[in-house]
Amino acid sequence: QQKVQQSPESLIVPEGAMTSLNCTFSDSASQYFAWYRQHSGKAPKALMSIFSNGEKEEGRFTIHLNKASLHFSLHIRDSQPSDSALYLCAVGGGRALIFGTGTTVSVSP
Amino acid sequence: GGIITQTPKFLIGQEGQKLTLKCQQNFNHDTMYWYRQDSGKGLRLIYYSITENDLQKGDLSEGYDASREKKSSFSLTVTSAQKNEMAVFLCASSPRGGNTLYFGAGTRLSVL
């Protein structure tokens, strides 16, 4: 049974700083790794995803994947107040996506 | 673009009551999902369906039933509501062979 854990549970980041979020998973056969963002009272929305080991950058967002360590991360450069949200990692590999426990990010102006 | 519509937006039930939540999508997606979210935390998979009349159990299926009678709709039934239960139930869909999920706004459940 896939276990997906996120850290930290919450964090406060000054505007303009880097936000770093972590996700660990238990099934080494996992094939797909994604981050979703959910603003308060809204539906979760896909941010970005990766299949292979390494790094992928889209604008201010970078995702790192290390399958051997069962770990991937999301980094947000130049964090903005609009980045304040719940961030959910998700892992896939045959069945439906399994989501992590969530990290609440607050960006202070 | 498409949209996922969940009804009702808010649902208040009594302990022991059977409650049904509905979800409609006009993306023409094959796969649909039900997730539960407690206290603004992570999502837990209840049921998913890869095509009409198909049902697959998630890790949290006990206490729930689901039905996919049409490609565009997926309903979830809480078989016996638990006292003081509060959660948001999120419906999602994805295209065949696709990994990205598209979510509805959720149904907020409170049990008195």
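Same order as they appear, the protein sequences are chains Z and G.
Letter by letter, the first sequence follows residues 95 to 203 in our numbering.
Letter by letter, the second sequence follows residues 382 to 493 in our numbering.
Glycine included, every Cβ here is placed at the ideal spot set by N, Cα and C.
{"Check": "Listed by chain order, chain Z residues near K452/G by CB distance under 8 Å", "Outcome": "Correct list: empty, because the minimum Cβ distance to chain Z is about 17 Å."}
{"Check": "Listed by chain order, chain G residues near T156/Z by CB distance under 9 Å", "Outcome": "Under the 9 Å cutoff, chain G gives no residues; its nearest Cβ is about 19 Å from T156/Z."}
{"Check": "P108/Z, DSSP secondary structure in three states", "Outcome": "strand"}
{"Check": "CA nearest to the CA of V492/G, picked from S474/G, A486/G, S461/G", "Outcome": "S461/G"}
{"Check": "C472/G versus G487/G - alpha carbon distance", "Outcome": "7 Å"}
{"Check": "Bridge partner(s) assigned by DSSP for I385/G", "Outcome": "Q406/G"}
{"Check": "Bridge partners - G205/Z, DSSP secondary structure assignment", "Outcome": "Any property of residue 205/Z remains undetermined from this structure, which presents chain Z solely from 95 to 203."}
{"Check": "Inter-residue CB distance, T198/Z and Q100/Z (contact presumed, cutoff 8 Å)", "Outcome": "T198/Z to Q100/Z, Cβ: 10 Å. No contact."}
{"Check": "Same chain, Cβ closer than 6 Å to Y414/G, five either side skipped, listed in chain order", "Outcome": "Y429, A473"}
{"Check": "Length of the line joining the Cα atoms of N434/G and V459/G", "Outcome": "19 Å"}
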